[in-house]
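Residue numbers (the working numbering): 20 to 503.
We put the beta carbon where it would ideally sit given N, CA and C, even for glycine.
None of these values were measured; they are calculated from a predicted model.
Heads up: the structure comes next, in structure tokens.
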Ligand code: FUB
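Here it is, written out as structure tokens:
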């Protein structure tokens, strides 16, 4: 097991960083993640400029901030910076340079920027266009370009994937009502920006050829591993990433299954979203194969909104026939095994969270007031505030925070730190039904000052989960716990 300082958690980036839509790639001896950049407390997705984070391939708990790599005002169509940079992707061209693809929210065109190094700085190159100069997305009959995913194949051919389920009104696109039939692929010239072969429908969103109950919605992401093309996408359920696989980049994709759901829906046969194991919302990410292990990168929701999403990742289990199992959400995603059974942990690494009434779905229709009785991840201070801590707020009677997994060795005491108006107990067990009790901590919090509460603890040595349920009056903010 790794030293505590280098352990990898979920979310794997610092607690005050909000990167959704993260696409992981290995360049040289580091893993780079390219995602959108949410602003904590904002009323909309992706209000910040693109930044990049990277980690050594053999130290996935040691992420380094690479700085701002592209600003929304760099695109000449967005000089005032009013449009927002949505989910990007990056590919290495045949010339060895790094190409960044992005859509401005719902504008319906695809921008391309280029850099000599994986962490930029990226310079604007152009918008994806036809040979006659017409922008892709602006020709009669074009689909609505959204969520670009790019692959440069071993033979140098360049494929661009895109798509969105919902029709987009003209007022948002800048004049044209755009409607997609599903997910599309087109081929680009080696210049990475000119259309070579026009788009074709790959994944109908309904009817023949669609993936029943897991129809394509958005979040196109493409990888080629061992001669097979893996297409990862978000289904119409929105909280899950599914995959389809083919021997060709442009046809023959077969549905593979769910890789992850940000509420663990579809896991262990549960299809009921009300029984989800965390608050649901959109998700988007990509696969990574590293040292013969496969991972799925995705994002979770925080702050009772869809606009403060955080980067998570899970290791995938591959079956003998090459298919992948759905990964449960964990607290130890990239760690290569359970977290140490002793040490201090932020409550923010809870991979499961629900209230006495179950969970809900954060989206534009569900205002915060609907969640007034629910626990949620949040932080004090504004977006970008250094050293600010993330915690679980609003732990009320019946609220549960779950953590997976720890390698327990001689556990004897658990301390928890909280503040608020709570008066009750925090029951801690190895199972969600709270049958295998580990500890029971009495809690009487102070409204303003963080205080620590401790209790004796017992659990058999070995790998196990830990669920914490509050029972009592009032509510508290849960900052961290220590296993001793
Ligand atoms: O981050 C903005 C949008 O939310 C992305 O384009 C979608 O895939 C969804 O993740």
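message: Please identify the residue among 135, 448, 382 whose C-alpha is closest to the C-alpha of residue 421.
response: 448
field: Sub-7 Å separation of residue 43 and residue 316 beta-carbons
entry: yes
message: Checking 7 Å against the spacing of the C-beta atoms, do residue 40 and residue 106 come in under that value?
response: yes
query: Is the beta carbon of residue 350 sitting closer than 7 Å to the one on residue 368?
result: yes
query: Cβ of residue 102 within 7 Å of Cβ of residue 124?
result: yes
message: Quick check: what's the CA-CA separation for residue 178 versus residue 51?
response: 21 Å
query: By DSSP, does residue 59 sit in helix, in strand, or in coil?
result: coil
- request: Write down every uninterrupted run of the beta strand (DSSP E) in the stretch 274-360 whose length is 3 residues or greater and which is fully enclosed by it, in chain order.
  value: 305-309, 312-321, 324-335
field: Cβ-based neighbour list, residue 233, same chain, cut-off 6 Å, excluding 5 preceding and 5 following
entry: 254, 261
- prompt: Counting along the chain, where does the beta strand (DSSP E) carrying residue 46 start and finish?
  reply: 42-46
message: Please return the same chain residues whose Cβ sits closer than 7 Å to the Cβ of residue 483, not counting the five positions on each side in sequence.
response: 424, 425, 427, 449
task: Classify residue 367 as helix, strand or coil using the three-state DSSP reduction.
output: helix
- request: Could I get the ranges of all uninterrupted alpha helix (DSSP H) runs contained in the stretch 124-166, with 4 residues as the minimum, in chain order?
  value: none
message: Can you tell me whether residue 113 is buried or exposed? The criterion is at least 16 other CB atoms within 10 Å of its CB, across all chains shown.
response: exposed
field: Span of the beta strand (DSSP E), counted from its first residue to its last, around residue 433
entry: 432-439
- prompt: Where does residue 411 fall in DSSP's three states?
  reply: strand
- request: Mind listing, in chain order, the continuous alpha helix (DSSP H) runs of no fewer than 4 residues lying wholly within the stretch 178-240?
  value: 189-192
- prompt: In whole angstroms, what is the alpha-carbon distance linking residue 118 and residue 88?
  reply: 12 Å
message: Can you list, in chain order, the residues of its chain with a C-beta nearer than 7 Å to that of residue 213? Leave out the 5 residues immediately preceding and following it.
response: 148, 150, 207
- prompt: Does the beta-carbon of residue 190 have 16 or more other beta-carbons within 10 angstroms, so that it is buried, or is it exposed?
  reply: exposed
message: Give me the DSSP bridge partner(s) of residue 265.
response: 248
- prompt: Is the beta carbon of residue 515 less than 7 Å from the beta carbon of residue 258?
  reply: Here the chain covers residues 20 to 503 and nothing more, so residue 515 does not appear.
- prompt: Secondary structure at residue 32, three-state DSSP: helix, strand or coil?
  reply: coil
- request: Specify whether the stretch 411-420 and the stretch 485-493 touch according to this definition: at least 3 beta carbon pairs, one from each stretch, less than 8 Å apart.
  value: yes
- prompt: Using 8 Å as the Cβ pair cut-off and three pairs as the minimum, do the stretch 45-60 and the stretch 325-332 touch?
  reply: yes
- request: Output the distance between the C-alpha atoms of residue 307 and residue 242, rounded to the nearest integer angstrom.
  value: 8 Å
message: In whole angstroms, give me the CA-to-CA distance for residue 344 and residue 223.
response: 24 Å
- request: Compare the C-alpha of residue 239 against each of 293, 290, 186, 170 and name the closest.
  value: 170
- request: Could you tell me which of 235, 218, 378 sits nearest to residue 565, measuring between CA atoms?
  value: Not covered by the structure: residue 565. The range shown for the chain is 20 to 503.
query: With respect to 6 Å, is the separation between the Cβ of residue 65 and the closest non-hydrogen atom of ligand 1 below this value?
result: yes
- prompt: Would the C-beta of residue 36 count as close to ligand 1, meaning under 6 Å from any of its heavy atoms?
  reply: no
message: Rounding to the nearest angstrom, what Cα-Cα distance links residue 176 and residue 209 in this structure?
response: 7 Å
- prompt: How would you write the range of the beta strand (DSSP E) that residue 423 sits in, first residue to last?
  reply: 419-427
query: Apart from the five residues just before and just after residue 346, which ones in its own chain have a Cβ nearer than 8 Å to its Cβ?
result: 278, 279, 315, 333, 334, 335, 336
query: Are the beta-carbon atoms belonging to residue 432 and residue 503 less than 7 Å from one another?
result: yes
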